[in-house]
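In my numbering, the protein residues as written are 4 to 116. Just below is one structure, and these are the notes that go with it.
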Ligand code: AMP
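Structure follows, in structure tokens:
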């Protein structure tokens, strides 16, 4: 997708702090971290949110999910972490390319909203 920020990041057109990449997935540090570890995991295929799940191959989605524990282990999040995917305006999604936030490195609150 031509004007998508995360597509540009994934292609290297905009710099990012990459932490993981494979054929299907790209992951990088959030520019405005909300926890000591804050990483974004995106599918390389442009999907605007989980609402586009039916436009993806199962592999594209499953590779995102499989990457998450691999990244968590490499970031030493053995005591736990949180995964969030904001979907649409009520959830304050600000970048319309599906992404999973990995948040960790601190004790988080019980409330999620
Ligand atoms: P969301 O609000 O769920 O759509 O999350 C978008 C996330 O992208 C936010 O946490 C932003 O801090 C992050 N973000 C925006 N621009 C960049 C960028 N250039 N590099 C890394 N993270 C970014």
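Note that CB positions come from ideal geometry on N, CA and C, so glycine has one too.
Beta-carbon proximity list for residue 117, same chain, < 7 Å, skipping 5 on both sides: Within the shown structure, residues of the chain are numbered from 4 to 116, placing residue 117 beyond reach of any answer.
Which whole-angstrom value describes the C-beta separation of residue 109 and residue 36, a residue pair presumed to lie in contact below a C-beta threshold of 8 Å? Contact doesn't hold; Cβ gap of about 11 Å is too wide.
If you count every other CB in all the chains shown that lies within 10 Å of the CB of residue 87, and 16 or more means buried, which is it? exposed
Does the distance between the C-beta of residue 74 and the nearest non-hydrogen atom of the ligand AMP fall short of 7 Å? no
Measuring only the C-alpha atoms, how far is residue 41 from residue 56? 23 Å
Restricting to Cα atoms, I'd like to know which of 6, 23 and 25 is closest to residue 16. 6
Per DSSP, what kind of secondary structure is residue 63 in: helix, strand or coil? helix
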